[in-house]
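K.L.:
Just so we're aligned: 9 in our numbering is position 9 of the sequence shown, and the numbers increase by one with no gaps anywhere.
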Amino acid sequence: MVITTGLLFYPTQIPYYLNQFDKGKKAHQFYHLDFQKMLTIPVTNIRKTFNIV
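Have a look at this one:
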């Protein structure tokens, strides 16, 4: 329902949505990591490591 509503009201944003979707699919999985140990690492390094740019 949300996708249909978005397509109806914002049809010009479809290329942007597809681009962001592909970008998200290319990012590495990071949900299984222990984030407590990562608190000392700069966010820029984490973004580069996991391809979150």
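Glycine included, C-beta positions come from ideal geometry on N, C-alpha and C.
1. Quick check: the stretch 44-52 against the stretch 20-27, are at least 3 beta-carbon pairs closer than 8 Å?
2. Any idea what DSSP makes of K37, helix, strand or coil?
3. Over the uninterrupted alpha helix (DSSP H) stretch that includes Q20, give me the two end residues.
4. At the level of alpha carbons, what is the spacing between M38 and F21?
5. Can you find the residues in the same chain that come closer than 8 Å, C-beta to C-beta, to G6, ignoring five residues on each side of it along the sequence?
P.N.:
The relevant details are as follows:
1. yes
2. For the purposes of this step, residue 37 is taken as residue 37 along the sequence shown, with counting starting at 1. Note: K37 maps to coil in three-state DSSP.
3. In the sequence shown, counting from the first residue as 1, residue 20 sits at position 20. Counting along the chain, the alpha helix (DSSP H) containing Q20 begins and ends at I14 to K26.
4. The count along the sequence shown starts at 1 and reaches residue 38 at position 38. The count along the sequence shown starts at 1 and reaches residue 21 at position 21. Taking the straight line from one Cα to the other gives about 26 Å.
5. Taking the sequence shown and counting its residues from 1, the one referred to as residue 6 is at position 6. Contacts found: Q13 and Y17.
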